[in-house]
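Numbering (our numbering), first residue to last: 0 to 305. Backbone N, C-alpha and C define an ideal beta-carbon position, used for all residues, glycine too. Some notes on the structure that comes next.
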Ligand SMILES: *Cc1c(COP(=O)(O)O)cnc(C)c1O
């Protein structure tokens, strides 16, 4: 299969004997970047209805990606947002709205129960029939999309690293590895120990088994989701200056920081691929004109190649 994104080698003496490569998933598509593109690909090919409903926080990249994909493919999209409406909309929700997404809000208590039959029934009474994507887009089809990543890497490698939010990306990458290869995920949430069971659950949902070829590192959350203390920001700025990569702070910076911190712990000669899952900025609204240059799977008999 034609790779969805290129691999670049990083030369850096601070990594000791480790070879670092970047899988530039941030370059996949200007609007549906990185792992969001991989997670949506197959989901969009399996829709029953013309309406896609999903969940997310007020800054969710998944919400933006679904909105952009809906506009491009001519689907109605509904974003169920955690918490109260704040006007004017922040740039993330403003972008989703400009793509045509209908925004609705759930108070935090109801939002916590969002995946229960009661709340889903309530949403169906209000919006009629729809296809539902879970928060963050992590389901079996998303795992299968992310499992395509390792097979695109033609260089030899031992470890693939990625940041972890809901765990779908790590679950898929690990499932797509060959014998002897491992995946290492860096959790960006504080107290994310529950995610190990979630990764295994997602793999079982997608493939019926959960291999033991991955690890979840919980030590580099830097205080919690979207927290960017000066030490992390300084590291990211330095990395940008030395390697010319725009470093997204919420996810990518924490993975890279953790990887550098752990570099000495790898056997010399270890070859590591870090997945650059996204880019720092929110695209300017409105979205591009409807068209499908990204090759998203629309179920039209595509073989999955671009
Ligand atoms: C959403 C996102 C993630 C998290 O992916 P999960 O599959 O939810 O673990 C990682 N990196 C970036 C840049 C993201 O936007």
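Just to confirm, does residue i get its C-beta within under 7 Å of one of the non-hydrogen atoms of ligand 1?
i, result
"residue 60", "yes"
"residue 258", "no"
"residue 89", "no"
"residue 163", "yes"
"residue 4", "no"
"residue 250", "yes"
"residue 53", "no"
"residue 255", "no"
"residue 22", "no"
"residue 166", "yes"
"residue 169", "yes"
"residue 33", "yes"
"residue 137", "yes"
"residue 247", "yes"
"residue 56", "no"
"residue 144", "no"
"residue 175", "no"
"residue 78", "no"
Count the other CB atoms, across all protein chains shown, that sit within 10 Å of the CB of residue i; report buried if there are 16 or more and exposed otherwise.
i, result
"residue 71", "buried"
"residue 8", "exposed"
"residue 186", "buried"
"residue 17", "buried"
"residue 85", "exposed"
"residue 12", "exposed"
"residue 306", "Residue 306 lies beyond the range of the chain shown here (0 to 305); nothing can be said about it."
"residue 298", "Any reading at residue 298 must be qualified, since the residue scores a pLDDT of 44, below 50, and its modelled position is unreliable; the value itself is stated next. Label assigned to residue 298: exposed."
"residue 120", "exposed"
"residue 37", "buried"
State yes or no: is the C-beta of residue i within less than 8 Å of the C-beta of residue j?
i, j, result
"residue 312", "residue 113", "The displayed coordinates of the chain run from 0 to 305. Any statement about residue 312 would go beyond what the structure contains."
"residue 149", "residue 254", "no"
"residue 134", "residue 6", "no"
"residue 46", "residue 130", "yes"
"residue 108", "residue 277", "no"
"residue 102", "residue 92", "yes"
"residue 234", "residue 227", "no"
"residue 68", "residue 88", "no"
Legend entry - Runs of beta strand (DSSP E) wholly within the region 35-75 (minimum 3 residues, chain order): The DSSP assignment places 50-55 as complete runs of the beta strand (DSSP E) inside the region 35-75, in order along the chain (cut-off: 3 residues).
Legend entry - Complete runs of the alpha helix (DSSP H) confined to the region 151-204 [at least 4 residues]: 167-174
Inset, instruction - Quick one: which unbroken alpha helix (DSSP H) runs of 4-plus residues sit fully inside the region 63-149? Chain order, please. - result: 90-97, 107-111, 116-126 and 139-145
Legend entry - Stretch pair the region 187-194 + the region 161-168: three plus CB contacts closer than 8 Å: yes
Inset, instruction - Could you tell me whether the region 154-161 touches the region 134-144, using the rule of 3 or more Cβ pairs below 8 Å? - result: no
Legend entry - Cβ contact (3+ pairs, closer than 8 Å) linking the region 201-213 and the region 222-242: no
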